[in-house]
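Novice:
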Amino acid sequence: MKVLITGGAGFIGSTIASAFAERGVTPVVLDNLVTGRPEFAAGKIFYQGDVGDGALIDRVFREHPDITVAVHCAALIVVPDSVADPYRYYQVNLAKTLELAAALVRNGCDRMIFASTAGMYRPGADLSVTETSELEPQNPYTRSKAMAEAMLADLAAAHGLRVVSLRYLNPIGADPRLRSGLQNPKPTHALGKMIESYELGVPFTITGVDWDTRDGTAIRDYIHVWDIARAFAEAADRFDAIIPPIGAGGRAGGYEVINLGTGDGTTVRELVEAFREVVGESFQAVEAPARPGDVVGAYVDPAKAWELLRWKPEYSIGDAIRHSLQWAERRRELGAA
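Under UniProt numbering, the first residue of the sequence shown carries the number 1, and numbering increases by one thereafter.
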């Protein structure tokens with residue numbers, strides 16, 4: 001059995017590829033290497049090219065007719081960049097997803113697992129989101145994902161495509177075996193800033209301490225990237241149970257949304273305390289007002305993921321911090337090699 005993974009040389013896609021390989025499923029990686037790293041595809045079947053290149057997708061299926069599912073991770077994901085250049089985000093995340101879907105239908109592959117975002121929801125009063133929460137995407141990135149999902153649902157209804165969309169918020173950590181991790185040496189999320197502060201020996205700044213949360217600081221739903229990868233593998237294993245195929249009591253195509261999350265999230269203060277438990281009490285943090293554009297955040301109710309995938313996170317925030325620190329050291333070694 002083989003699985004096509006678009007964006008499979010990126011942070012999340014490469015981790016998903018490793019998770020499938022550990023289960024005896026052969027990953028076939030497609031990546032244009034704009035943000036992906038060639039070493040993340042080392043030892044795997046690899047095609048360098050664009051997800052919107054229909055002829056290349058046709059070639060992949062001719063050479064690997066035993067591909068049974070496509071995992072679509074190839075996307076642009078940086079919110080400020082999407083605001084600055086929405087055209088590029090709609091072109092890559094929407095138009096090229098349409099071309100990929102057409103190629104899958106053309107080649108008889110009716111299973112797609114779509115890497116999406118829970119950032120498209122409007123959080124409830126308690127800051128939680130479920131699959132039935134109202135959609136309210138706030139920027140071109142999340143809008144491009146929401147529009148791609150609506151498009152895929154239409155294609156599923158008309159053309160027999162079956163799509164499972166996995167929505168999540170804040171992947172952190174690294175492959176526990178350090179085969180891959182964040183490509184960016186200076187990630188802008190809170191954990192990345194903490195690591196940068198720790199390495200420089202300066203205090204980390206908590207921006208915003210009067211939000212309506214359990215400790216006044218913003219909340220995020222951090223999930224270890226390996227747990228996300230496990231969810232994709234489980235979705236592939238259980239695909240036909242989630243959306244039955246034609247001729248097995250099912251329907252002609254189908255679309256299912258499943259959220260991945262922790263169920264309670266992590267506040268910035270909690271993240272600082274978890275970081276101190278890993279690196280020592282000498283790590284300092286200072287407080288400052290919220291910055292323009294800062295948001296209180298949200299967290300995901302993962303009940304449906306447990307019901308359909310039998311999935312819940314296994315790695316702790318502390319594990320993710322340790323793996324992130326180990327990967328930062330590993331990345332420096334690779335850079336020096």
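Quick reminder that beta carbons are idealized off the backbone N, C-alpha and C, glycines included.
Give the straight-line distance between the Cα atoms of GLY108 and ASP221, rounded to the nearest whole angstrom.
Specialist: On the sequence shown, position 108 is the one that residue 108 refers to. On the sequence shown, position 221 is the one that residue 221 refers to. In a straight line, the C-alpha of GLY108 is about 36 Å away from that of ASP221.
Novice: Would you tell me roughly how many angstroms separate the C-alpha atoms of ASP215 and GLY208, rounded to the nearest one?
Specialist: Mapped onto the sequence shown, residue 215 falls at position 215. Mapped onto the sequence shown, residue 208 falls at position 208. Using only the alpha carbons, I get a separation of about 11 Å.
Novice: Beta strand (DSSP E) containing LYS44: first to last residue?
Specialist: As a first step, residue 44 must be located in the sequence shown, where it is residue number 44. It is not in any beta strand (DSSP E) - LYS44 carries neither H nor E in the DSSP assignment.
Novice: Using beta-carbon positions only, say whether VAL129 and ASP301 come within less than 9 Å of one another.
Specialist: Walking along the sequence shown from the start, residue 129 turns up at place 129. Walking along the sequence shown from the start, residue 301 turns up at place 301. Here VAL129 is near ASP301, since their CB atoms are less than 9 Å apart.
Novice: Please list the terminal residues of the continuous beta strand (DSSP E) segment that includes LYS145.
Specialist: What you label residue 145 is simply residue 145 of the sequence shown in a count that begins at 1. No beta strand (DSSP E) holds LYS145; the alpha helix (DSSP H) holding it covers 140 to 159.
Novice: Reducing DSSP to helix, strand and coil, say where LEU334 ends up.
Specialist: What you label residue 334 is simply residue 334 of the sequence shown in a count that begins at 1. In the structure shown, LEU334 sits in a helix (DSSP, three-state: H, G or I).
Novice: Can you tell me whether LYS186 is buried or exposed, with buried defined as 16 or more other CB within 10 angstroms of its CB?
Specialist: For this step, residue 186 is matched to residue 186 along the sequence shown. Around the beta-carbon of LYS186, fewer than 16 other beta-carbon atoms lie within 10 Å, marking it exposed.
Novice: The alpha helix (DSSP H) that contains LYS304, what's its start and end?
Specialist: Residue 304 sits at position 304 when you count from the first residue of the sequence shown. Taken as a continuous stretch (DSSP letters only), the alpha helix (DSSP H) holding LYS304 covers 303 to 309.
Novice: Indicate the three-state DSSP secondary structure (helix, strand or coil) for SER18 in the structure shown.
Specialist: For the purposes of this step, residue 18 is taken as the residue at position 18 of the sequence shown. Correct three-state label for SER18: helix.
Novice: Quick check: what's the CA-CA separation for THR26 versus PRO203?
Specialist: On the sequence shown, residue 26 is found 26 positions in, with the first residue counted as 1. On the sequence shown, residue 203 is found 203 positions in, with the first residue counted as 1. One C-alpha to the other measures close to 44 Å.
Novice: Less than 9 Å between the beta carbons of LEU104 and ILE172, yes or no?
Specialist: To locate residue 104, count along the sequence shown from 1; it is residue 104. To locate residue 172, count along the sequence shown from 1; it is residue 172. Going by C-beta atoms, LEU104 is not nearer than 9 Å to ILE172.
Novice: Nearest CA to the CA of ASN139: which residue from VAL92, ASP81, ALA101, GLY181?
Specialist: Position 139 of the sequence shown holds residue 139. Per the Cα distances, ASP81.
Novice: On a Cα-Cα basis, can you pick out the residue from GLY297, ALA236, ALA285 that is closest to VAL3?
Specialist: Counting from 1 along the sequence shown, the entry for residue 3 is found at position 3. Taking only the C-alpha atoms, the option nearest VAL3 is ALA236.
Novice: Check the C-beta distance from ILE77 over to LEU191 and give it rounded, since I have them as a contact under 8 Å.
Specialist: Taking the first residue of the sequence shown as 1, we reach residue 77 at position 77. Taking the first residue of the sequence shown as 1, we reach residue 191 at position 191. Actually they do not touch by this definition, with Cβ atoms about 16 Å apart.
Novice: In terms of alpha-carbon separation, which member of LYS145, GLU134, GLU22, PRO137 lies closest to ALA74?
Specialist: Translated into the one-based positions of the sequence shown, residue 74 becomes position 74. That would be LYS145, whose Cα lies nearest to the Cα of ALA74.
Novice: Tell me whether MET1 is buried or exposed, calling it buried when 16 or more other Cβ atoms sit within 10 Å of its Cβ.
Specialist: For this step, residue 1 is matched to residue 1 along the sequence shown. Exposed, because fewer than 16 other Cβ atoms sit within 10 Å of the Cβ of MET1.
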